[in-house]
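Reviewing the structure listed below.
In my numbering, the protein residues as written are 6 to 303.
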């Protein structure tokens with residue numbers, strides 16, 4: 006390439022670089038693929054689902070009225086909220102000490118604990134749910150162990166009840182709770198604990214009066230994430246629960262696949278989305294969504 010041509014290419018590249026640097030549209034162009042993905046695979050299906058539930062044989066909200074006044078759907082909704090609430094509380098009680106232990110540890114100890122926490126999360130939810138059938142079944146590991154040591158003469162009914170559903174959901178969602186809490190705890194200035202100890206506080210007093218209050222935004226965010234994700238669980242309660250533990254997502258699946266009532270299934274899906282949005286709105290009202298990604302308090 007001749008020297009004039011090379012100089013011309015450098016000038017063109019320089020002009021393009023200045024245009025990119027000055028243009029305010031570049032960030033939006035970079036977000037375009039993500040926005041297109043959300044619109045095509047989320048917004049459009051959601052709009053079609055809402056349209057189907059409202060405009061079957063003309064505009065009508067009758068299906069929503071039937072769902073909100075149906076004792077069956079009211080029971081399923083209450084059951085879902087109860088199961089998810091118990092799961093969230095259990096994961097918090099188990100996950101908070103583990104997240105705190107990861108925060109105060111370092112080196113290979115932290116790496117080892119994080120590895121043990123995250124490895125189960127790499128396994129598919131269906132596989133983890135099926136594994137509880139092997140553990141809790143009549144011929145499962147737990148029942149065989151109890152009978153061999155003489156604590157029981159026959160298999161205990163450990164499956165197809167609320168306990169088995171809660172055990173599996175807690176085990177599946179626990180890594181998310183721990184990692185979210187760990188990310189929040191890691192941002193706490195440890196020098197504040199040292200200052201509390203210098204002024205005469207014990208380790209427990211420093212934790213109670215300094216560390217724990219500062220970790221509460223992470224607690225709120227982790228509980229919100231676990232609650233919202235747990236609300237849409239289908240495979241785990243379907244495999245391990247009885248009809249008494251039927252959740253909203255199972256009802257939607259039954260309406261769509263067995264009853265072939267796509268309008269009612271769409272309406273139930275919209276109601277589930279509205280419940281989730283309401284939970285997020287309450288969280289945002291009192292705590293602020295910016296805390297989920299490390300923003301400052303209001």
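Cβ coordinates follow ideal geometry from the N, Cα and C atoms, glycine included.
Review point. Does DSSP put residue 303 in a helix, in a strand, or in coil?
Key: Residue mapping note: residue 303 aligns to position 298 of the chain shown, counting from 1. Unreliable positioning characterises residue 303 in this predicted model, as indicated by a pLDDT of 49, which lies under 50. A coordinate reading is not provided.
Exercise for review: Measure the CB-CB distance between residue 253 and residue 220 and report whether it falls below 8 Å.
Suggested key: Against the chain shown, residue 253 aligns to sequence position 248. Against the chain shown, residue 220 aligns to sequence position 215. No, Cβ-Cβ distance for residue 253 and residue 220 is not below 8 Å.
Check your understanding: Where in the stretch 175 to 253 do unbroken runs of the beta strand (DSSP E), each at least 3 residues long, occur, reported from the N-terminal end onward?
Key -> none
**Study point:** Coil, strand or helix - residue 100 by DSSP
**Key:** The count along the chain shown starts at 1 and reaches residue 100 at position 95. Three-state DSSP puts residue 100 in a helix.
**Study point:** Integer Cβ distance of residue 119 from residue 109, believed to fall under 8 Å
**Key:** Along the chain shown, one-based indexing puts residue 119 at 114. Along the chain shown, one-based indexing puts residue 109 at 104. No, residue 119 and residue 109 are not in contact; Cβ-Cβ is about 13 Å, not under 8 Å.
Practice item. Please specify which runs of the alpha helix (DSSP H), each continuous and at least 4 residues long, are wholly inside the stretch 261 to 301, giving them in chain order. Key: 267 to 291
Exercise for review: Tell me, to the nearest whole angstrom, how far the beta carbon of residue 178 is from that of residue 281; I am working on the premise that it is less than 8 Å.
Suggested key: Within the chain shown, residue 178 is the residue found at index 173, counting from 1. Within the chain shown, residue 281 is the residue found at index 276, counting from 1. That pair is no contact at about 15 Å.
Practice item. Run the CB neighbour count on residue 279, radius 10 Å, all protein chains shown included, and call it buried at 16 or more, exposed below. Key: In the chain shown, residue 279 corresponds to position 274, counting from 1. By the 10 Å Cβ count, residue 279 comes out exposed.
Review point. Which residues in the same chain as residue 257 place their Cβ atom closer than 6 Å to its Cβ, once the five residues preceding and following it in sequence are excluded?
Key: Numbered from its first residue, the chain shown carries residue 257 at position 252. Excluding positions up to five away in sequence, the list reads 270, 273 and 274.
Review point. What three-state label does DSSP hand residue 165 in the structure shown?
Key: Counted from its first residue, the chain shown places residue 165 at position 160. DSSP places residue 165 in coil when its eight states are reduced to three.
Exercise for review: State the CB to CB distance for the pair residue 89 and residue 235, rounded to an integer number of angstroms; the pair is presumed to be in contact (CB under 8 Å).
Suggested key: Here residue 89 is taken as the residue at index 84 of the chain shown, counted from 1. Here residue 235 is taken as the residue at index 230 of the chain shown, counted from 1. That belief holds up - the Cβ atoms of residue 89 and residue 235 are roughly 4 Å apart, short of 8 Å.
Review point. Of the choices 46, 82, 228 and 183, whose alpha-carbon is the least far from that of residue 276?
Key: For the purposes of this step, residue 276 is taken as residue 271 along the chain shown, with counting starting at 1. The option with the nearest alpha carbon to residue 276 is 82.
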